[in-house]
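These protein sequence lines map, in sequence, to chains L and U. All residue numbers for the first sequence refer to the numbering used here, where the first residue is 1 and numbers rise by one. All residue numbers for the second sequence refer to the numbering used here, where the first residue is 1001 and numbers rise by one. All C-beta atoms, glycine included, are put in the ideal place defined by N, C-alpha and C. Remember, it's a predicted structure, so these values are computed and weren't measured experimentally.
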Amino acid sequence: MTTDVQKLLKQLIAMPGLSGHEAPVRKAIHEAWVPLADEITVSRLGSLHALRRGNTQWGASGLRPSVLLSAHMDAIGMMVTGIVDGFLRFTSIGGLDPRVLPGQLVTVHGRSDLPGIIVQPPAQLLPAGSSEGAAPLTHLLIDTGLLPAEVSRKVQVGDVVSYAQAPIEMTGDLLVGHSVDNRASVAVVTHCLNLLQTRTHVWDVLAVASTQEEVTLGGAMTSAFGLNPTLSVVIDVTFASSPGSPAHKTFPLAKGPTLGWGPNVHPGLFKAFKELADRQEIPYSLEVMPRHSGTDAYAIQVVAAGIPTMVIGIPLRYMHTPVEMVAMKDILRAGRLLAEFIAGLPADFADSLAFDD
Amino acid sequence: MKEQKKSDTQTPRVGAEQIRLLEKLCNASGVSGDEGEVRKIVLSEVRPLADEVKVDALGNVLAVRHARAGSGPHLRVMLDAHMDEVGFMLVKDEGEGIFRFDSVGGVEVRYLVGKPVSIGKEHTPGVIGAKPIHLAEKNELKSSLSLDALRIDTGLTSKAKLGDRATFVTPFSRLGPSLRGKALDDRVGVATLIELLRNAPENVELLCAFAVQEEIGGRGARVAAYGFQPDLAIALDVTPARDLPAWDGSENTIYNTRLGAGPAIYAADGSTLADPRLLRYLVQVAESRSIPYQIRQPGSGGTDAGPIHLTRSGVPSISVSVPGRYIHTPVGIVRLEDWQNTLALVHAALVSLPADIFSVDR
């Protein structure tokens, strides 16, 4: 039994699951992973762990080696900071560009879920000089269309607010919506688990849908400690080339995933992935990450005594807007690359990992 | 002829059926100059209601319902609501589905970034993207993005082409006492005008113009008024409600109109000084019938009353608008009760319109 990856992704990007409040999306991923895993658990910080045991004969000595696949499931969003005349003031959870916000459809998770829109008051109602430049987050409001008394009954400070942009399927096998960062990578891991259903592999696979990446990387850090894997592969979105974005920091859409290279990546692991992609004729781009990779890999690499880590990127246009655009092709290719990697892992692979000194 | 006296004095209501019609109208695309989808809906609604219906040289739908009561001569009353909405046109194909675009009408540019759009007659989906925040310099985030910096992305293999119109796609919905949607300006007026035609007063010649090209200068209404030669005109539109709190808690003195305060009657805007006799009359009707109303804060902006009142040798005109928040953005909000009260006010004003209203000096 396998899971329809495109259908799953469309479902996942139609639901909330802000950093620290991942329950709705965790439930959906849980349902999708049940038929693909041997065991599913939830960490103390809310990350979802699915264990798929290695399925070849294994000697009595010691533990099976394991590879952790980490894809964060949390999304950026907002939190209510105040209520004024029935309008909500709010702050951000994760990195929001305030210029993207006016006119966005949102859901206010109050006593019940309320639809709302983010609005920018006219310049005359903002500090002098506001007709120039962008309004900061602190000057934007959410309008629920309800009367002030009803808003006060249903909403309080601290309630979270998520994007409500519905998914859009576009020509060229593209999917558009909010939270494609990083539910696209959850889809990658799901596709990998799909493919492993019919493959043999020595290693245990620990699929993790991690929490709080957009804020502290806390989910992946603690899950890696709890699961103590031999290796880890982090899958996250990266910047696809798009109008206005610098060419040297972006990668073509629909032309394959990226392979991360830099201090967060173990060079031996990088080499293994690169050679595998070449052998399998899976197109990819090289993504150089001179410092912090901006992914869970930064946290996982330094867990406990250290974990050899790899980063796979899925090119995404318009990251951190509600119209993030991804190519299904790239998701399927990355999933296949992971599955081929896992199926090809010899029992002693970790011992062979070396620095090219 | 007794049975003809029946229902024309009864106040028409905004019910589920009217909201469904507004939903259909709002979700249709109708950028100025390309109002076809809206025109189609309007024609199918008004054909059974009017005595004469035609589409004129610019694409206006002109529907006439003759007076039924008395021997006349009857006042020729023009009611106008515009079918078009603000939007875009694709103006340069940059390859791989990326297009430069220009605005049609006064779009709020700061509301464009990160929004989906619908392109052309096939409703091809597209998005107005933004550079990821991660790749933006700190000072970049403080400056707003101009139209010049934005692109519509139609995907890698779309059929979108140069010259196609694009519109917002926010789906219409009910939010408690409010209605949310794109193009409420002026589909609320269009829906109101259809209801007035459905409940046509019998004492006047009712001349309904469902006008094109309002958002680029009231061009449809001008020729509609020329053809109709009305004695008076009322433009039904949607006007901004800027009734939001000021950032520092100070009094909001530029609210223009307020949601929930009733129909906005115009004394003056940027293009029309309302005929004072019509202004006094509408206020008197509202007060005598206990219909809430507000006077729109005099100021800039304009409606189809602008071109209409200057047609031929002049037409006494006024505008009545439903207040709407965030119009000319992807998503506006109006209050249901304001729509109801606007319909009630205009209907009541027509039903009891004195034939000698212009016998006093302006």
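A distance below 7 Å between beta-carbons, with the five flanking residues on each side excluded, links L:Met328 to the following residues of its chain, in chain order: Gln6, Asp173 and Leu175. Taking each of L:Arg44, L:Trp261, L:Ser70 and L:Val160 in turn and checking the Cα distance to L:Ala220, the smallest one comes out for L:Ser70. Remark: C-beta atoms of U:Phe1101 and U:Val1113 do not approach each other more closely than 8 Å. For U:Arg1151, the nearest beta carbon of chain L is closer than 8 Å to its own beta carbon.
Residue-level contact check: L:Pro16 does not touch chain U, since none of the beta carbons of chain U fall below 8 Å from its beta carbon. Taking CB atoms only, L:Phe239 has a neighbour in chain U less than 8 Å away.
Short of 7 Å from the beta carbon of U:Glu1195, and not among the five residues preceding or following it, lie these beta carbons of its own chain, in chain order: Pro1012, Gln1018 and Leu1343. Note on U:Asp1231: 16 or more other CB atoms within 10 angstroms of its CB, so buried under the neighbour-count rule. In chain order, Leu114, Thr144, Gly145, Leu146, Leu147 and Glu150 make up the part of chain L whose C-beta sits under 9 Å from the C-beta of U:Gly1176. As the crow flies, the alpha-carbon of L:Thr222 is around 14 Å from that of L:Leu206. Exposed is the label assigned to L:Leu63, since fewer than 16 other Cβ atoms lie within 10 Å of its Cβ. Only those residues of the stretch 1027 to 1047 of chain U whose C-beta falls short of 8 Å from the nearest C-beta of chain L would be listed, and there are none. Annotation: Cβ neighbours of L:Gln120 in chain U (cutoff 7 Å, chain order): Arg1110. With contacts defined by Cβ atoms closer than 8 Å, U:Gly1129 and U:Asp1153 form a contacting pair. In terms of Cα proximity to L:Leu316, the closest of L:Val106, L:Thr258, L:Phe349 and L:Gln124 is L:Thr258. C-alpha of L:Pro252 to C-alpha of L:Leu286: approximately 11 Å in a straight line.
Using beta-carbon distances, L:Leu140 does not count as an interface residue toward chain U, since no partner is under 8 Å. Taking 8 Å as the CB threshold, U:Ser1071 stays off the interface with chain L. Taking a cut-off of 8 Å on C-beta distances, the stretch 196 to 205 of chain L touches the stretch 50 to 57 of chain L, as three or more cross pairs fall below it. The shortest CA-to-CA distance from L:Gly294 to any of L:Ser92, L:Val25, L:Phe239 and L:Asp348 is the one to L:Phe239. Here L:Val234 is near L:Ala297, since their CB atoms are less than 8 Å apart. Taking a cut-off of 8 Å for Cβ pairs, the stretch 1321 to 1338 of chain U and the stretch 1156 to 1164 of chain U do not touch, as fewer than three such pairs fall below it.
In terms of beta-carbon proximity, L:His72 stays away from the interface with chain U, with every pair separated by 8 Å or more.
Closest in alpha carbon position to U:Cys1026, among U:Gln1294, U:Pro1330, U:Tyr1266 and U:Ala1274, is U:Pro1330. In this structure, L:Pro102 and U:Arg1110 form a Cβ contact; the two beta carbons are roughly 6 Å apart against a cut-off of 8 Å.
Using a CB distance below 7 Å, no part of the stretch 1202 to 1229 of chain U faces chain L.
Taking a C-beta cut-off of 9 Å against chain U, the contacting residues of the stretch 87 to 102 of chain L are Phe87, Gly95, Leu96, Asp97, Pro98, Arg99, Val100, Leu101 and Pro102, listed in chain order. Short of 8 Å from the beta carbon of U:Ser1178, and not among the five residues preceding or following it, lie these beta carbons of its own chain, in chain order: Leu1259, Ile1333, Val1334, Arg1335 and Leu1336.
Listed along chain L are Gly103, Leu105 and Ile117, each with a C-beta nearer than 8 Å to that of U:Val1331. Close partners of L:Pro127 in chain U (Cβ separation under 9 Å): Trp1247 and Asp1248. Per DSSP, the continuous beta strand (DSSP E) segment holding L:Thr41 begins and ends at Glu39 to Val42. Listed along chain U are Gly1114, each with a C-beta nearer than 7 Å to that of L:Pro322.
Per DSSP, L:Pro115 lies in no alpha helix (DSSP H); the unbroken beta strand (DSSP E) holding it starts and ends at Asp113 to Val119. Shortest Cα-Cα distance from U:Trp1339 to any of U:Thr1257, U:Val1188 and U:Arg1174 involves U:Val1188. DSSP lists L:Leu68 and L:Thr309 as the beta-bridge partner residues of L:Ser232. Judged by beta-carbon spacing, L:Ile118 lies within the 8 Å limit of L:Ile142, meaning their Cβ atoms are closer than that value.
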